[in-house]
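Peer 1:
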Amino acid sequence: MTFDPSSGEGGAQPSSVFFERRELDQILRVYGRMVAQAEWRDYAMVGGKEAAEFAVFRRSGDAPAYRIEKRPSLQTRQGQWSVVGEGGVVLKRGRDLAQVLRVFDSRRFQVVE
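The sequence shown: position 16 = 31 (the numbering used here), numbered continuously.
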């Protein structure tokens, strides 16, 4: 939920979706790891009425390489979390964010000699 500065009150607006602090912490841990590996360079976040999105970019100005989406309306069916790759392909979907983010653990294989 997000704060709406246009409302006279300081409360949350239940009709908008955004990430909670705990969720952002998990996402930013993965983001930091991928930046350290020189895989990702930039990110963007957006919240809306039906979904919140965390997009990551390989280079600034490019199309997003991956999007981590939160859609609470899908919680009881497919799960509210999804990782979407380039071209709109859903790579992983589920109810648990940590489980969904594990898709990035196996994204890159390195040859060990």
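Cβ coordinates follow ideal geometry from the N, Cα and C atoms, glycine included.
Since the structure is predicted, the reported quantities are computational estimates derived from the model, not experimental observations.
Can you give me the C-alpha to C-alpha distance between Arg-82 and Ser-30, rounded to a whole angstrom?
Peer 2: The residue labelled residue 82 in the question sits at position 67 within the sequence shown. The residue labelled residue 30 in the question sits at position 15 within the sequence shown. When rounded, the distance between both Cα atoms is 22 Å.
Peer 1: Could you work out which residue in Ala-66, Gln-114 and Tyr-46 is closest to Tyr-58 when comparing CA atoms only?
Peer 2: Against the sequence shown, residue 58 aligns to sequence position 43. If we check each option's Cα against that of Tyr-58, Tyr-46 comes out closest.
Peer 1: Could you have a look at Gly-76 and say whether DSSP puts it in helix, strand or coil?
Peer 2: Reading the sequence shown from its first residue, position 61 is the one you call residue 76. Coil, per DSSP.
Peer 1: Roughly how many whole angstroms lie between the Cα atoms of Phe-49 and Arg-92?
Peer 2: Looking up residue 49 in the sequence shown gives position 34. Looking up residue 92 in the sequence shown gives position 77. The sequence as given places Met at residue 49; Phe does not occur at that position. One C-alpha to the other measures close to 30 Å.
Peer 1: From Arg-86 to Gly-102, what does the alpha carbon distance come to, in whole angstroms?
Peer 2: Looking up residue 86 in the sequence shown gives position 71. Looking up residue 102 in the sequence shown gives position 87. In a straight line, the C-alpha of Arg-86 is about 19 Å away from that of Gly-102.
Peer 1: For Phe-72, tell me which candidate among Val-61, Gly-63 and Glu-54 has the shortest Cα-Cα distance.
Peer 2: As a position in the sequence shown, residue 72 is number 57, starting the count at 1. For the residues Val-61, Gly-63 and Glu-54, the minimum Cα distance to Phe-72 belongs to Glu-54.
Peer 1: Please go through the same chain and pick out, in chain order, the residues whose beta-carbon is closer than 6 Å to the beta-carbon of Ala-70, but skip the five residues on each side of it.
Peer 2: Counting from 1 along the sequence shown, the entry for residue 70 is found at position 55. So the qualifying residues of the chain are Ala-59, Pro-79 and Arg-82.
Peer 1: Within 8 Å (strictly less), CB to CB, does Arg-44 reach chain D?
Peer 2: Annotation note: the requested chain D is absent from the structure, which comprises a single protein chain.
Peer 1: Suppose only complete runs of 4+ residues qualify. What are the alpha helix (DSSP H) ranges in the stretch 39-125, listed by chain order?
Peer 2: With a minimum length of 4 residues, the continuous alpha helix (DSSP H) runs that stay inside the stretch 39-125 are 112-116.
Peer 1: Determine whether the beta carbon atoms of Glu-65 and Ser-88 lie at a separation below 8 Å.
Peer 2: The residue given as residue 65 occupies position 50 in the sequence shown. The residue given as residue 88 occupies position 73 in the sequence shown. Yes, they are a contact pair.
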